[in-house]
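Numbering (my numbering), first residue to last: 6 to 202.
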Ligand code: ITT
């Protein structure tokens, strides 16, 4: 089955392509499917934003779409950056800007810096909407370690591990990540609802 993934995030596209390959799905990114498109994320929740991305791209293409809205919640920061994870340090900021901002804000707090990644994955084909949530709990460190992955990966050590997500291989991150959990669960539901062809 061919699916359009309503994302401009190359890190997400790489991960989800790998997660869905064994399930026989071909994933096409937004730039390949429709060219340049920025979708305003006006929702207050991951679910609302994932749904906005999926329905916007379905309305343009008329093809089955998957989307994900995801973010990092830091306990000491009362759940921030949450839905604002992508632009925590401001519009058009880099991953490095976001990581530096988190480091500077957390330096006033005692360790451990308990946190969790969340991912809301969604499927929409004009008729059916299916949704799944994945979570990964861990702790942040105040120095960036590792070059793999994207976003906050260099600061995040999953519970039960010593490496940051950015020090893990793509396969290892995909075996435990919030995104893999969300998309594997989404596909279980798609199979049982008969939309996976
Ligand atoms: P699209 O909306 O085009 O999919 P985006 O990067 O704007 O791309 P989100 O609005 O869902 O996506 O924001 C997710 C942000 O949360 C992302 O930019 C990272 O900063 C962070 N994030 C999400 N998943 C992550 C992961 O697996 N590792 C590290 N950071 C992650």
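Even glycine gets a Cβ: it sits at the ideal position worked out from N, Cα and C.
List the DSSP bridge partners of residue i.
i	result
residue 124	75, 139
residue 7	31
residue 134	129
residue 162	144
DSSP state of residue i, grouped into three classes?
i	result
residue 18	helix
residue 218	The structure shown does not extend to residue 218, since the chain is modelled only from 6 through 202, so no value can be given for it.
residue 148	coil
residue 201	coil
residue 115	coil
residue 67	coil
Could you round the C-beta distance between residue i and residue j to whole angstroms and report it? I think they count as a contact, below 8 Å.
i	j	result
residue 70	residue 8	7 Å
residue 32	residue 39	About 14 Å separates the two Cβ atoms, so there is no contact after all.
residue 55	residue 73	6 Å
residue 81	residue 111	6 Å
residue 159	residue 149	4 Å
residue 62	residue 11	4 Å
Within 5 Å of the ligand ITT: residues by beta-carbon to any heavy atom = 12, 13, 14, 74, 75, 76, 90, 91, 156, 157, 158
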